[in-house]
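Student: Below are the structure tokens for one structure; questions will follow.
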Amino acid sequence: MSRKFRADDFAESLNYAVAGLVYAFRTQRHLRAHFFIAVLVVLLAIAFDLERVELALLTLTIGVVFICELVNTSVEAVVDLITEEYHPLAAIAKNVAASAVLMAAITSLVIGYLIFFDRVAVLQEGSWSRALATPPLVTLAALLVVLIVVLAMKAGGSPVRMQGGMPSAHAAIASVLTTSILFVSHSGTVSLLAVLLTVLVAQSRVEAKIHTVSEVLVGGVIGLLVTALAFQLIS
8 MSRKFRADDF AESLNYAVAG LVYAFRTQRH LRAHFFIAVL VVLLAIAFDL
58 ERVELALLTL TIGVVFICEL VNTSVEAVVD LITEEYHPLA AIAKNVAASA
108 VLMAAITSLV IGYLIFFDRV AVLQEGSWSR ALATPPLVTL AALLVVLIVV
158 LAMKAGGSPV RMQGGMPSAH AAIASVLTTS ILFVSHSGTV SLLAVLLTVL
208 VAQSRVEAKI HTVSEVLVGG VIGLLVTALA FQLIS
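With positions in the sequence shown counted from 1, the corresponding number in my numbering is that position plus 7.
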């Protein structure tokens with residue numbers, strides 16, 4: 008029995024499109040990593056109350072990265088359908104499609120830097136004086152609280168999973184350290200580098216298939232909220 012590939016109406020076309028998006032999200036770890044980074048960027052955009060033009064530029068940038076990743080997935084599927092053996096032209100097709108994703112990602116980094124750098128730098132200048140009077144054990148206290156919360160959540164699961172599961176302890180700890188750096192560092196560059204390192208930690212846990220995107224997101228949010236609350240209460 009043959010399956011038709013052409014949709015009869017708009018609703019069916021939309022259904023095929025959604026199915027393709029779901030397939031790509033389930034099978035492509037890089038797409039999931041892009042999604043995780045996009046969520047962080049959106050949260051930063053909300054926190055800094057960006058202007059409409061800046062929000063539109065960020066939305067366009069995120070959309071371009073996702074589009075390139077989806078096209079790359081399509082090219083890989085078509086090449087694999089045509090041949091399972093190595094062929095120079097097949098390699099070129101895959102490499103060029105992957106380079107499109109790379110260029111889109113680099114462009115998004117440049118745009119993110121141009122939009123957020125000055126705002127982060129100003130934020131650090133304002134928090135530097137408050138951080139000088141903050142007891143040095145705040146980060147340690149926040150770290151201990153986060154570890155207790157994470158272990159309690161893992162222990163409440165069935166079965167109990169210390170490696171993997173909800174939430175990601177690595178993402179939570181990285182978030183604690185990064186949030187502490189955001190409060191105590193007067194350098195915007197240092198703060199951005201700390202955020203990027205946290206993103207890399209979270210991405211590595213997802214790519215290693217130890218955690219899902221939701222698990223690292225929850226871990227990161229727990230670390231952020233607990234640390235921010237500790238600094239606000241003590242400073």
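Quick reminder that beta carbons are idealized off the backbone N, C-alpha and C, glycines included.
L139 to L50, Cα distance in whole Å?
Tutor: Confidence at L139 is low in this model, with a pLDDT of 47, below 50, so its placement is unreliable and the value that follows should be read with caution. Those two C-alpha atoms are separated by around 27 Å.
Student: Would you report the Cα separation of Y23 and L88, rounded to the nearest angstrom?
Tutor: 19 Å
Student: What residue does the alpha helix (DSSP H) around G70 start on, and which one ends it?
Tutor: 59–89
Student: Pick helix, strand or coil for H177, following the three-state DSSP scheme.
Tutor: helix
Student: What's the call for F17, buried or exposed, on a 16-neighbour Cβ count within 10 Å?
Tutor: exposed
Student: Can you tell which of V156, Y120, G70 has the C-alpha that lies nearest to the C-alpha of V197?
Tutor: The shortest Cα separation from V197 among V156, Y120, G70 belongs to Y120.
Student: At the level of alpha carbons, what is the spacing between A54 and T34?
Tutor: 32 Å
Student: Using alpha carbons as the reference points, say which of V233, V228, I118, H37 lies closest to A63.
Tutor: I118
Student: Going by other Cβ atoms of all chains shown within 10 Å of its Cβ, with 16 needed for buried, is R59 buried or exposed?
Tutor: A residue is called buried when at least 16 other Cβ atoms come within 10 angstroms of its Cβ; R59 does not meet this threshold and is exposed.
Student: Just the Cα atoms here: how many angstroms apart are S20 and V85?
Tutor: 20 Å
Student: On the three-state DSSP scale, how would you describe A100?
Tutor: helix
Student: If you follow the alpha helix (DSSP H) that Q210 is part of, which residue opens it and which one closes it?
Tutor: 195–214
Student: Can A149 and V183 be called in contact, C-beta distance under 7 Å?
Tutor: yes
Student: Does Q35 come out as helix, strand or coil in the three-state DSSP assignment?
Tutor: coil
Student: Is it true that the segment 67–74 meets the segment 88–99, where meeting means three or more beta-carbon pairs spaced less than 8 Å apart?
Tutor: no
Student: With a 10 Å radius around its C-beta and 16 neighbouring C-beta atoms as the bar for buried, classify Q239 as buried or exposed.
Tutor: exposed
Student: Give the straight-line distance between the Cα atoms of A176 and V208, rounded to the nearest whole angstrom.
Tutor: Computed Cα separation, rounded: 11 Å.
Student: State the Cα-Cα distance for the pair L147 and L224, rounded to the nearest angstrom.
Tutor: 22 Å
Student: Could you pull out every residue in the same chain whose Cβ sits closer than 7 Å to the Cβ of A52, ignoring the five residues on either side in sequence?
Tutor: L62, L65
Student: Report yes if the CB atom of T186 is closer than 7 Å to the CB atom of A237, and no otherwise.
Tutor: no
Student: Have a look at V78 and I188 and give me their C-alpha separation to the nearest angstrom.
Tutor: 38 Å
Student: Measure the Cβ-Cβ separation of A159 and G227 and say whether it is below 7 Å.
Tutor: no
Student: According to the Cβ coordinates, are I229 and V153 closer than 7 Å?
Tutor: yes
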